[in-house]
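Take a look at the structure below.
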Amino acid sequence: LPMLYAGVDSRTRTRRAAELLEMVGMGDRMRHRPNELSGGQKQRVAIARALANDPPILLADEPTGALDSATGRMVMDLFHRVHRKDGKTVVLITHNPALAAETDRIVTLRDGEIVADVPGPGKAAV
């Protein structure tokens, strides 16, 4: 739907959807209905949908929360790739310190207030 609203033609939408679903490991599920997908699969489809119109900023709220560790790793690798290769800003909201440790910057909130804003341990890796 995001590409439809953006005026992208049908052929391009189908090709781009297939590419994005392959990127998130869901290429074989392209013709499946939402009720035929698990929670983790729906989450990966949502990530593909978020990338559909090539946004400069990607907001990801607990993107690995419903995923097994291998799929969560694949999603984090995808975020690293779109950041490095495509220059996208990825804002990752997580309660997982291991995921936060992979980032360039960590902003910590407590009770709605910023209590820390420091370079992330992953800064050297990106």
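The sequence shown begins at 87 in my numbering and counts up by one.
Here a beta-carbon is modelled for each residue, glycine too, at the ideal position from N, C-alpha and C.
message = Just verifying my parser: in three-state terms, what is the DSSP assignment at residue 211?
response = The predicted model places residue 211 with a pLDDT of 46, which falls under 50 and marks its position as unreliable, so this point remains unresolved.
ask   = So which of 136, 199, 153 and 160 has the shortest CA-CA distance to residue 177?
value = Check the Cα spacing between residue 177 and each of 136, 199, 153 and 160: the tightest is with 136.
request  = Kindly list the residues whose CB is nearer than 7 Å to the CB of residue 120, restricted to its own chain and excluding five residues on each side of it in sequence; keep chain order.
outcome  = Within the same chain, and ignoring the five residues on either side of residue 120 in sequence, the residues whose Cβ sits closer than 7 Å to its Cβ are 128.
query = Relative to the alpha-carbon of residue 179, which residue among 114, 149 and 93 has its alpha-carbon at the smallest distance?
reply = In terms of Cα proximity to residue 179, the closest of 114, 149 and 93 is 149.
Length at least 4, wholly inside the stretch 95–174: the alpha helix (DSSP H) runs in chain order = For the stretch 95–174, whole alpha helix (DSSP H) runs of length 4 or above, ordered along the chain, are 96–109, 125–137 and 155–170.
request  = Go ahead and label residue 134 buried or exposed: buried means 16 or more other beta carbons lie within 10 angstroms of its beta carbon, across all protein chains shown.
outcome  = By the neighbour-count rule (16 or more Cβ atoms within 10 Å), residue 134 is buried.
ask   = Does the stretch 146–163 come close enough to the stretch 179–189 to have 3 or more Cβ pairs within less than 8 Å?
value = At 8 Å Cβ cutoff, the stretches touch.
task = Could you tell me the distance, in whole angstroms, from the CA atom of residue 146 to the CA atom of residue 155?
result = C-alpha separation (whole angstroms): 17 Å.
key: First through last residue of the beta strand (DSSP E) which encompasses residue 195   = Looking at the DSSP string, the run of the beta strand (DSSP E) that includes residue 195 is 191–196.
query = Run through DSSP, which three-state label would residue 92 get?
reply = Residue 92 sits in coil when the DSSP states are folded into three classes, being neither helix nor strand.
task = State the Cα-Cα distance for the pair residue 104 and residue 88, rounded to the nearest angstrom.
result = About 14 Å.
task = Mind checking which residues open and close the beta strand (DSSP E) that includes residue 202?
result = Per DSSP, the continuous beta strand (DSSP E) segment holding residue 202 begins and ends at 199–205.
request  = With a threshold of 16 other CB atoms inside 10 Å of the CB of residue 131, please say whether the residue is buried or exposed.
outcome  = Counting Cβ neighbours within 10 Å, residue 131 comes out buried, since at least 16 surround it.
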